[in-house]
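Here the structure is laid out as C-alpha cells; the discussion comes afterwards.
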Amino acid sequence: MLDSEKTFCMFRWTAGHLAGFVRLLLLGSVWFGQAALGQAQQSNAPVISPGIPGMQKPAGSEPRFRPGNKSRTSAPLIDLQPADTKQATSEIWYIVLFGDERVGYERVTETQLQSGGQQNSRIRRRRDTQLALRKFGTDLSVSALQQTLENEEGSVLEWSLQRTAADGTTLERSGRWNSETSTYDVSELVQATRHEFRISSGSPARSSMITEWMPSVLTRQNRSISRFPVLFPETVAIADIEVRDKGSQTVRLQNGTSVSARRFDFWPVIDQTRITSMYITEQGQVLRTEQPMLGSKLVFEPADALAAMGHGNTKSLDLELASIIPIDRPLPNDENWQQVRLRMTVPSPGHLFLPSGRLQKAEQTKPEQVDLTIQSPKQISTSTFNTQASTKAAPEEYLAATRLLDIDNYEVQRMSRLAAGSLIDPDTTCRHLSAYLTVNLRRSAFSTSLAPASAIVKNMRGDCSEHAILLAALMRCNRIPSRVVTGLAYNPKLSGFTAHMWVEAWIDGDWKAFDSTTGTSAAAPVCIKVLDSSLADQNANAATLFLPLLDLMGRAKVKVLTESGF
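Under our numbering, the first residue of the sequence shown is numbered 294, with each subsequent residue one higher.
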C-alpha cells in the first residue's frame, strides 16, 4: 500500500478556508458552488472577467490600493478622506467556539465616517480573526484581517483581505466598486503571483460581516422575510441570502445564562438546508450566531477582550479528527483489490448526491443514501459500468487557459516540454507527466490558498491540490483535455475516508484518472469521487471545489456491503 501520509493529504481549505469562512464565510462560500452557477444570468450573480485592459501589472507591482502589510499595523483601508470628516470608533470582541471548546477569537472595529451631511456617511470596518487549528500534530493556525468601506446599509464600496497561515503563507486580495462598469475591480497576490480581474454585480453587494449590519437593517425593514446579495472576499463570490424572523426564543449562552432574544435564520437561496441562526436583543445586539459544521456547531459570542482571547484556555481544533468519514469495518490492506461496494449515508432529513463515472457507479437508494460500486483501476478493462467511449471531443473549456491553469505561462510550458518530451500518444504522455511530478514536486506543509500553476512551478512544493492543478495544466499544454476531481480516499491508518484531489484526462472518448500525489496512473486506492471541475474562472475557487466535501465531514458514514480481490 502506498505511503498514507503522502496519499491521504488533507486539502488546504480545511485550515485556511476555515478561517475565511468564519462568521458566515463558510456558509456563503457554499452558495457559489456548482448550483450557484445557475444564477449567472441574474443581476446579483457575479461574472469574473480576467485581463482587464489597463490593469495588467507584473508580480510585485503596487495594486491600486493596499490591503495592508504583514505587520498588520498598516494604514487604514481608505487613506484619503475629506478634511471635514468626522469619526467615531467602537469595537467588539467575539469568542469562537467549536462545540464547547474555544478555538479562537475575533475583534471587529467600526469607525463611523461622516462628511458633507448624513447622506454621505460611511462606515469603515476591520475584522481580525485568529483560529487555532492543527492536523497530524502540525500547527495550522490562521490569522485573517478583513477591512471594508461600507455605506449605512452594509453595501461594500471597497474591501481588502489578508490571511496568514502558521507556515507563513499569505493571501492578499482587495477590491473596489466601479460604478461606471458595475463591477468590483479585484487585485490579488497569491504566492508572489498577482492577478487582476472583475466580478460583475448590478449594484454594490452587502458586506460578509453580516452580524455588523444586518440587525439594524432588519429592524428598520420589519419584514418576516428578507433577501440580500452578499460579497464574500474569501471566495471572490456574490450570493443571495434569505433571512427569516423566527420570533422570540430563549437562547442559552456559553456562560450558562439563558436570555430571551429574537432568532433570525438565514441561508443561501440556492440551498435552504445550510442554515445559520443569529440571536438579537431588542436593542439590536447580537448575542450569538451558530452554524452546523463537521458534526458540531461553530459558534460566535460577544465577550470582553480578555475572555475572547482566553490566554491558556484556547484549544486547537483537530481537523483530522473532525474531518474523517468513518467506515463500519476496515478494508484489507491489499493493493490488489478488484471491487468494493459501499453505502454512504447522511442524517435524515438530508440529501446526498454522488456522480457515476468510469471507476464508480452510484445508485441513489434514498434521498440521504447512495450505494457505490467502486472498481479498481487495474480491473477497468473488465468493468461492467464503463460506458461506451464517446466519439465526441471534450468541450473546449477543458483545454482553455484559466486563472489557475495559466498554461500560457512560459515556465509552465517549459516544464510541459521537459516532462513529456516528444511523446504523442495521450495516455503515455499523461503517465509521463504524472510520474515527473511524483518525483519532482516536493511535499510541503499544508498551505492555505489555491495557487496557479505558474506559482507552483516556481516553488515545486505542495500537497494533493498543487499536484492536481499543475498536472491538469501540463496536460492542457499538450492539448489533452483535463479536469480536477475532488473526492475521498480511504486511509487504513485512520479507519475512514479523508479528502483527496486528483486529475482526469479525456483519452479515447472517456475520462481517465491520474494521481501524481500517490504516484499511480489512477486515483488512489478506494477513492470516492464527489465533484469534478474544469477550473474555469467563474468556478475556480475553494468553495466550488471543496465545500461539497466539507458538507460530508462530521455527517456522512460509510458501510462496507461487499468486497472482492482483497
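Don't be surprised by glycine CBs; every beta carbon is placed ideally from N, CA and C.
8 Å or more divides the Cβ of I385 from the Cβ of Y398. Looking from the CA of T695, the closest CA among T457, A744, M637, V851 belongs to A744. The three-state secondary structure of T721, taken from DSSP, is helix. For Y703, the uninterrupted alpha helix (DSSP H) segment begins and ends at 703-713. Scanning its chain for C-beta atoms nearer than 6 Å, with the 5 sequence neighbours on each side dropped, one finds around S809 the residues S727, L730, T731, H760, L764, in chain order.
Close CB contacts of I518 within its chain, under the 6 Å cut and outside five residues either way in sequence, are with R537 (chain order). Looking at L824, P774, R848, K850, the one whose alpha-carbon comes closest to that of L838 is L824.
For I531, the pairing in a beta bridge is given by DSSP as L524. Judged by DSSP in its simplified three-state form, E446 adopts coil rather than helix or strand.
The DSSP assignment places complete alpha helix (DSSP H) segments of no fewer than 4 residues inside the region 732-766 at 746-752, in order along the chain. Spatial neighbours of Y572 in its own chain (CB-CB distance under 6 Å, excluding positions within 5 residues in sequence) are listed in chain order as V544, A554, R556, L580, R581. Per the C-alpha coordinates, the member of S737, N752, Q542, T666 positioned closest to V705 is N752.
The beta-bridge partner set that DSSP reports for W560 consists of E535. Secondary structure of P595 (DSSP, three-state): strand.
Taking 8 Å as the cut-off, the Cβ atoms of R769 and L692 count as close. Within a 10 Å sphere around the beta-carbon of L711 sit fewer than 16 other beta-carbons, which makes this residue exposed. Looking at L843, T382, K852, the one whose alpha-carbon comes closest to that of S616 is L843. Residue ranges of uninterrupted beta strand (DSSP E) with 3 or more members are absent from the region 491-521; none lies entirely inside it.
Contact check for R754 and R735: beta-carbon distance about 5 Å, within the 8 Å limit, so the pair qualifies. Annotation: F646 to Q576 spans about 43 Å, alpha carbon to alpha carbon. Sequence-distant partners of E797 (beyond 5 residues in either direction) whose C-beta falls short of 6 Å from its own C-beta, in its chain, are R776, V778, W804, A806. For a cut-off of 8 Å, the C-beta gap from R636 to K822 is around 16 Å, too long to register as a contact.
Between the alpha carbons of A687 and G714 lies a distance of about 24 Å. Under DSSP, no beta-bridge partner is assigned to L624. About 5 Å separates the beta carbon of P719 from that of I800, a gap short enough to meet the 8 Å contact definition. Within the DSSP bridge table, the entry for M794 names T779 as partners.
In the three-state DSSP reduction, E689 falls in the helix class (H, G or I).
L524 is the residue among L524, S857, C820, T638 whose C-alpha sits nearest the C-alpha of V479. Selection A437, S496, L767, R456 evaluated against F521 yields S496 as nearest (Cα-Cα). By alpha-carbon distance to T666, the top candidate from S857, K659, M507, S383 is S857. Leaving aside the five residues that flank L652 on each side, the residues in its chain whose CB is nearer than 6 Å to its CB run, in chain order, Q668. In this structure, M507 keeps its C-beta atom at 8 Å or more from the C-beta atom of V401.
If you check the CB distance, F790 and I618 come in under 8 Å. Residue state for D830 is assigned as helix, using DSSP reduced to three classes. Straight across, the Cα-Cα distance linking V819 with Q405 is about 55 Å. Per DSSP, T550 is not a residue of any beta strand (DSSP E), being assigned neither H nor E.
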